[in-house]
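Residue numbers (my numbering): 577 to 837. Notes follow once the structure below has been shown.
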């Protein structure tokens with residue numbers, strides 16, 4: 577089955593990632609080397625991944641310019657992220673990615689071939705290449721979160737529902753829940769959210785939700801820095817990019833849309 581390609585600004589808005597993304601879009605002034613966090617996601621459509629670029633404390637400083645991080649299959653599929661680096665900041669610009677329908681296809685995209693980081697300044701573009709290897713990841717790690725109440729598309733729901741869902745067992749990471757209201761033009765508006773114990777599977781909504789379409793998201797997040805390991809990116813002259821460190825953050829997501837009257 578052909579994967580779905582989508583644009584990240586739309587996807588992040590729909591999944592109510594505003595607070596999460598804001599932490600990554602503009603990196604504070606502690607400028608030195610670079611870190612790539614490989615974020616792996618699973619929602620009600622499929623699997624996807626993004627290489628989020630940020631700064632670390634490892635010298636020397638990263639070069640000023642435009643950055644493009646691309647997985648091996650770009651432009652046919654895979655994921656890309658674009659940034660602008662100034663003398664004291666690293667700002668996210670845009671990105672895009674592809675949905676995959678099973679873990680095997682996801683991992684094939686991540687580990688098969690050379691990743692690239694393109695750094696463009698006023699005079700030239702330098703390409704750095706690196707490879708990625710991974711420990712075992714299977715469907716049990718990325719089992720979907722199933723919302724049992726309200727069901728997707730349910731009508732005539734109370735304006736203060738007790739949301740219920742089935743999450744992963746013995747989860748060692750964090751759990752955050754959030755409700756957004758979607759108006760008739762497709763605009764999303766934050767309503768309420770909470771950080772919950774990872775084992776909790778229901779949440780009495782503390783706010784009276786507006787009539788119309790609401791989107792509820794249980795968001796499980798966990799860091800695992802030893803699962804995906806990247807080689808140091810080097811250019812055509814085998815020179816490494818400045819201060820490279822890579823880690824993995826995996827995230828599981830679930831979408832629910834319900835209508836209340």
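Note that beta-carbon positions come from the ideal geometry of N, C-alpha and C, so glycine has one too.
Inter-residue Cα distance where the pair is residue 686 and residue 732: Take the alpha-carbon of residue 686 and the one of residue 732: they are about 43 Å apart.
Integer Cβ distance of residue 704 from residue 809, believed to fall under 8 Å: With 8 Å as the limit, residue 704 and residue 809 qualify as a contact, their Cβ atoms being about 4 Å apart.
Helix, strand or coil at residue 776 [DSSP, three-state]: Looking at residue 776 - three-state DSSP - the assignment turns out to be coil, as it is neither helix nor strand.
Segment contact flag, the stretch 739-759 with the stretch 792-807, C-beta cutoff 8 Å, min 3 pairs: Yes, they touch.
Where residue 682 falls: helix, strand or coil (DSSP): Assignment of residue 682 by DSSP, reduced to helix, strand and coil, places it in the helix class.
Length-filtered (3 minimum) beta strand (DSSP E) runs lying within the stretch 622-673: Residue ranges of uninterrupted beta strand (DSSP E) with 3 or more members, entirely inside the stretch 622-673 and ordered along the chain, are 623-632, 641-646, 656-661.
Cα-Cα separation, residue 822 to residue 701: In a straight line, the C-alpha of residue 822 is about 22 Å away from that of residue 701.
Reduced DSSP secondary structure (H/G/I, E/B, other) of residue 738: Strand at residue 738.
Cα-Cα separation, residue 659 to residue 682: Rounded to the nearest angstrom, the two C-alpha atoms are 24 Å apart.
Cβ separation of residue 675 and residue 623, assumed to be a contact under 8 Å, to the nearest whole Å: Taking 8 Å as the upper bound for CB-CB distance, residue 675 and residue 623 are in contact here, some 7 Å apart.
Whole-angstrom distance between residue 783 and residue 765, CA atom to CA atom: Distance between the alpha carbons of residue 765 and residue 783 is about 13 Å.
The beta strand (DSSP E) enclosing residue 794, as first and last residue numbers: Segment 788-799, the beta strand (DSSP E) holding residue 794.
Candidates 620, 616, 611, 610: closest to residue 792 by CA position: Nearest option by C-alpha distance: 620.
Option nearest residue 647 by Cα separation, candidates 680, 625, 735, 763: The candidate whose alpha carbon is nearest that of residue 647 is 625.
Within 9 Å, strictly: CB atoms of residue 689 and residue 649: Contact: yes.
Cβ neighbours of residue 837 in the same chain (closer than 6 Å, five flanking residues each side left out): Note on residue 837: pLDDT 42, under 50, position unreliable in the model; the coordinate value appears next. Cβ within range, chain order: 732, 787.
Residue 707 in three-state terms, based on DSSP: Looking at residue 707 - three-state DSSP - the assignment turns out to be coil, as it is neither helix nor strand.
Given residue 768 as reference, the closest of 785, 758, 759 once Cα atoms are compared: Taking only the C-alpha atoms, the option nearest residue 768 is 785.
Residue 687 (DSSP reduced to helix, strand or coil): Residue 687 sits in a helix when the DSSP states are folded into three classes.
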